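Take any residue in the sequence shown, note its place counting from 1, add 2, and you have its number in this note's numbering.
Here's the structure, in structure tokens; my notes come after.
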Amino acid sequence: MKKVLFISLILFFNIVNSQKFVSENTSYIDFNINEIKITVNENLFSGRFEILDINFKKYILISNNSKTLLLDFGRLIPSDYSKYFIENVVILNSNDISSIKKNINKTNNYVIDKIEIDYEGKNDRDNYTMPSGEFKYFWGDKFYSERELEKEKIKKEQIQKKIDNYNNLSNLNAYLGVYEVSIYTFHGVKLNPANKGKIYVTEEGITLISDLIIDDNTLRGSHIKDSFFTPSKEGEFYCKVSKGLWDEFTCFINLKSKSGAITTSIGKEFRTTTFSIIKKLD
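What follows is the structure, encoded as structure tokens:
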């Protein structure tokens with residue numbers, strides 16, 4: 003039996019109020035002129051499509067040189083005939099749309115009698131949640147109305163500006179590497195003798211390794227680059243905790259004085275750990 007690949011496919015739209023939806027990779031579905039350009043399972047379908055209404059179901063059909071793409075729509079709300087989502091996607095080994103239309107089984111959803119199915123994917127309606135606004139999903143692509151696509155581009159530009167600002171203000175690239183450190187206060191408690199540990203600084207985040215830490219000797223966090231917080235000086239980093247008992251932490255490293263501090267926080271509780279840099283290992 004041919005292996006069937008499952009692809010997540012969700013597209014929510016209003017067919018009555020026709021619209022054009024576009025993706026960032028030039029794919030589109032235009033309900034104003036019934037035109038589509040989309041690649042499914044490495045098969046390109048481009049051109050005018052037909053819409054069929056059978057037993058309160060809607061189908062889109064479009065053929066290329068040798069195959070036909072069929073999109074089977076289910077109603078998002080049973081009583082609402084205008085709002086649909088794509089329930090099934092099927093590629094048929096035939097480009098004879100007239101024959102396909104005649105052989106659509108009117109009692110068994112999208113099953114096509116007498117025609118071989120090359121590919122099919124089904125969306126789990128039970129796990130479907132309505133996207134916010136006009137945001138759409140379609141075979142791994144994100145589709146938008148043209149107006150929403152422009153808004154999404156501006157949003158991404160704003161996020162990238164925050165990321166660049168974080169990297170530049172902290173001078174992150176100059177601090178990437180692994181540091182062997184000597185911890186002389188832990189959560190505000192002075193240690194005697196000091197405890198050795200390691201700090202890893204990467205593009206993704208910061209990790210402190212020490213046997214003083216309860217959770218597998220590890221405190222790990224991801225850089226918070228797209229928030230309204232910005233580093234106030236070079237060597238200052240903000241991280242959201244991904245491993246450890248805290249919510250967030252601030253890490254400061256001074257390469258000139260070979261010293262630094264990590265302040266962890268949860269709610270209104272703060273604890274500071276200070277260290278000196280023994281040497282940079284990487």
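The beta carbon of each residue, even a glycine, is placed where N, CA and C say it ideally should be.
Here the structure is a predicted model, which means the values were calculated and not measured.
Beta-carbon proximity of residue i to residue j, cut-off 8 Å
{"i": "Y186", "j": "S278", "result": "yes"}
{"i": "S224", "j": "S244", "result": "yes"}
{"i": "L210", "j": "L221", "result": "yes"}
{"i": "K200", "j": "V183", "result": "yes"}
{"i": "S100", "j": "I117", "result": "no"}
{"i": "G49", "j": "I64", "result": "yes"}
{"i": "D55", "j": "L94", "result": "no"}
{"i": "I172", "j": "E238", "result": "The identity of residue 172 in the sequence shown is Ser, whereas the question assumes Ile. Cβ atoms of S172 and E238: closer than 8 Å."}
{"i": "C253", "j": "I264", "result": "yes"}
{"i": "L283", "j": "V180", "result": "yes"}
{"i": "C241", "j": "I255", "result": "no"}
{"i": "K59", "j": "I53", "result": "no"}
Spatially closest choice to residue i from the options, by CA coordinates
{"i": "G207", "options": "E37, L178, I216, S25", "result": "L178"}
{"i": "H189", "options": "L73, F51, E271, V180", "result": "E271"}
{"i": "A196", "options": "P233, N175, T275, E89", "result": "T275"}
{"i": "F47", "options": "E238, L71, G237", "result": "L71"}
{"i": "D98", "options": "N67, E122, K198", "result": "N67"}
{"i": "E287", "options": "K235, D228, A176, K69", "result": "Lying before the first or after the last residue shown, residue 287 is absent from the chain, which here runs from 3 to 284."}
{"i": "L168", "options": "K242, C241, P233", "result": "Note that residue 168 corresponds to Tyr in the displayed sequence, not to Leu. Checking every option, the nearest Cα to that of Y168 belongs to P233."}
{"i": "F33", "options": "K163, D228, Q21, V42", "result": "Q21"}
Beta-carbon proximity list for residue i, same chain, < 8 Å, skipping 5 on both sides
{"i": "I216", "result": "L247"}
{"i": "I102", "result": "L63, T70, L72, L94, S96, I114, I117"}
{"i": "N175", "result": "N169"}
{"i": "T28", "result": "K39"}
Where residue i falls, given that 16 or more other Cβ within 10 Å makes a residue buried
{"i": "I165", "result": "exposed"}
{"i": "G135", "result": "Here G135 scores only 35 on pLDDT, less than 50, and its place in the model is too uncertain to base an answer on."}
{"i": "F230", "result": "exposed"}
{"i": "I161", "result": "exposed"}
{"i": "D74", "result": "buried"}
{"i": "E205", "result": "exposed"}
{"i": "I40", "result": "buried"}
{"i": "E122", "result": "buried"}
{"i": "I35", "result": "exposed"}
{"i": "V92", "result": "buried"}
{"i": "D218", "result": "exposed"}
{"i": "V191", "result": "exposed"}
Sequence-distant residues of its chain with Cβ nearer than 6 Å to residue i (five each side left out)
{"i": "S261", "result": "S278"}
{"i": "T266", "result": "W248, F251, R273"}
{"i": "E37", "result": "R50"}
{"i": "K4", "result": "Confidence at K4 is low in this model, with a pLDDT of 37, below 50, so its placement is unreliable and the value that follows should be read with caution. Counting only Cβ-Cβ distances below 6 Å, and skipping sequence neighbours, we find nothing."}
{"i": "E236", "result": "N173"}
Start-to-end residues for the beta strand (DSSP E) that takes in residue i
{"i": "L247", "result": "Run containing L247: none; DSSP gives neither H nor E here."}
{"i": "L221", "result": "220–225"}
{"i": "L178", "result": "First-last for L178: undefined, no H or E at that position."}
{"i": "G237", "result": "From DSSP, G237 is part of no beta strand (DSSP E); its letter is neither H nor E."}
{"i": "G207", "result": "207–211"}
{"i": "I264", "result": "261–268"}
Where the alpha helix (DSSP H) containing residue i begins and where it ends
{"i": "N197", "result": "First-last for N197: 191–203, but that is the beta strand (DSSP E), not the alpha helix (DSSP H)."}
{"i": "N288", "result": "Any property of residue 288 remains undetermined from this structure, which presents the chain solely from 3 to 284."}
{"i": "K103", "result": "99–105"}
Proximal residues to residue i (C-beta, below 7 Å), its chain only, five neighbours per side dropped
{"i": "E152", "result": "none"}
{"i": "I280", "result": "E182, V183, S184"}
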